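2 protein chains.
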Amino acid sequence: MAAARRQFGELGYERTSIRGLASEAGIDPALVMQLFGNKEQLFSTAATSGIDLQALTSATADNLAEAAAAHLFADFEDPERRTAAEALLRSCLTHPAAAAALREQVMAPAQSAVAATIGGDDSELRAAVLNACTLGVTIARYLLRDPVLADADRQDLERVLRPALEAVIAANSRS
Amino acid sequence: MAAARRQFGELGYERTSIRGLASEAGIDPALVMQLFGNKEQLFSTAATSGIDLQALTSATADNLAEAAAAHLFADFEDPERRTAAEALLRSCLTHPAAAAALREQVMAPAQSAVAATIGGDDSELRAAVLNACTLGVTIARYLLRDPVLADADRQDLERVLRPALEAVIAANSRS
DNA sequence: TCTTTCGGTCAACGCGTGTAGAGTGAAGCT
DNA sequence: AGCTTCACTCTACACGCGTTGACCGAAAGA
Chain A
1 MAAARRQFGE
11 LGYERTSIRG
21 LASEAGIDPA
31 LVMQLFGNKE
41 QLFSTAATSG
51 IDLQALTSAT
61 ADNLAEAAAA
71 HLFADFEDPE
81 RRTAAEALLR
91 SCLTHPAAAA
101 ALREQVMAPA
111 QSAVAATIGG
121 DDSELRAAVL
131 NACTLGVTIA
141 RYLLRDPVLA
151 DADRQDLERV
161 LRPALEAVIA
171 ANSRS
Chain B
1001 MAAARRQFGE
1011 LGYERTSIRG
1021 LASEAGIDPA
1031 LVMQLFGNKE
1041 QLFSTAATSG
1051 IDLQALTSAT
1061 ADNLAEAAAA
1071 HLFADFEDPE
1081 RRTAAEALLR
1091 SCLTHPAAAA
1101 ALREQVMAPA
1111 QSAVAATIGG
1121 DDSELRAAVL
1131 NACTLGVTIA
1141 RYLLRDPVLA
1151 DADRQDLERV
1161 LRPALEAVIA
1171 ANSRS
């Protein structure tokens, strides 16, 4: 199961084979079938478990930008939680179920939580933009491994990113 | 060739088969081999052609945020240019060559151009964050099709996003 | 007109995949 | 001890894939 998450996270859904994953785990491929029924089901249980949006929902308007930035790191700096999040993100552009899961189980709840916190005009759109920006930084840093972002200190990155998030939060009037 | 870009853009590298793409184009799969040699080569010529960073490199510090936002739309609102960009982006998380191409042929040049324009402390890091944010919005809107972002007006989206980009550009002092 | 070349097609190979079903050995119950 | 159940493995199937090399008809050159 840990092997499943690791391979899904590293290779994506399509390139991950049940045979390869089973051999990494030291078990028989057929056992994987017996336990999870399906490659699809294995993926969805591997990728959608361990998603935790509490940090976002419990934030106030004051510390929202900080919470969003911290949330970005919490999912990926901790090796335990990283694999599940990486599995979901890695396949979200090529696997329809992963895209749907990310949209409906991560982005939509996060957006409504953020929208409720910031309020004002366009709160939904601004929440969506805020999440899209953190998504972009996450992808570029941890998945795409853009050299500048991947090698940056967490503090430096947070210091640069936070003004952007705060700008989205603060611009709550139709100009 | 148009069919190749379309399928790579819609399905990603792994799910796109030469057979399927050839039948959409009404030709024989073997002809594709003969013309491009390889699935890999076909992909790289389909995905890396038509990348145009001129809008970014020729921007000044004053209109950089505007140029970056406009650049985001230019690649995806125009159906002609969209397919190539979409093909590259769709596979950038699962196909190593696509990731490398995106990093080295798109993000790195864009970052150095932006960094040169904004200058100041951490210019490289801030350029990377700026590009990551536009990348995130692009992915969420056009690839992931997040409902809020996908249905938003171009003007509304630009109005919300621009303050964020400007904040990254403007925060050019170590606090 | 005969020959060569060339754009294009056909059938096929070898491989890796997800998946199914029969089989096996140990453990637990009566 | 005998039977049942369970966790697990072995073998095999059917399929779709990228790729190849032989083949074919038409255009061009002698």
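Protein chains in written order, with the numbering used here: chain A, 1 to 175; chain B, 1001 to 1175.
Built from N, CA and C at the ideal position, the CB exists for glycine as well.
Fair warning: this is a prediction, and the values are worked out from it, not measured in the lab.
- Spatial neighbours of A1004 (chain B) in its own chain (CB-CB distance under 7 Å, excluding positions within 5 residues in sequence) are listed in chain order as L1021, L1042 and A1046.
- Within chain B, the C-beta atoms nearer than 9 Å to that of I139 (chain A) come from C1092, L1093, A1132, L1135, G1136 and I1139, in chain order.
- If you look at M33 (chain A), you'll find it in the alpha helix (DSSP H) that goes P29 to F36.
- At least one CB of chain A lies nearer than 7 Å to the CB of G1012 (chain B).
- Counting only unbroken stretches of 4 or more residues, the alpha helix (DSSP H) elements lying wholly within the region 1004 to 1076 of chain B are 1018 to 1025, 1029 to 1036, 1039 to 1048 and 1054 to 1057, in sequence order.
- Nearest C-alpha to L165 (chain A) among A:L135, A:D78 and A:F76: A:L135.
- For R141 (chain A), no alpha helix (DSSP H) segment is defined, and its DSSP state is neither H nor E.
- Here A1084 (chain B) is buried. Its C-beta has 16 or more other C-beta atoms within 10 Å.
- Residues of chain A with a Cβ closer than 7 Å to the Cβ of M1107 (chain B) are, in chain order, D146.
- With a 10 Å radius around the Cβ and a threshold of 16 neighbouring Cβ atoms, D122 (chain A) comes out buried.
- For A128 (chain A), the chain B residues whose Cβ falls inside 8 Å of its Cβ are A1140, D1146, V1148, L1149 and A1152, in order along the chain.
- Taken atom to atom, the span from the alpha-carbon of R145 (chain A) to that of V1168 (chain B) is near 20 Å.
- In the DSSP assignment, A152 (chain A) falls outside any alpha helix (DSSP H), carrying neither H nor E.
- For the region 1157 to 1173 of chain B, the beta-carbon criterion of a distance under 8 Å to any beta-carbon of chain A is satisfied by L1157, R1159, V1160, L1161, P1163, A1164, L1165, E1166, A1167, V1168, A1170 and A1171.
- Taking all protein chains shown into account, D1151 (chain B) has fewer than 16 neighbouring C-beta atoms within 10 Å of its C-beta and is therefore exposed.
- The Cβ atoms of R141 (chain A) and G9 (chain A) lie no closer than 7 Å to each other.
- For A1003 (chain B), none of the residues of chain A pass the 7 Å Cβ criterion, the least Cβ distance being about 18 Å.
- Bounds of the alpha helix (DSSP H) holding V114 (chain A) are A108 to I118.
- By the C-beta criterion, the region 93 to 112 of chain A is judged to be in contact with the region 126 to 134 of chain A, since at least 3 inter-stretch pairs fall below 8 Å.
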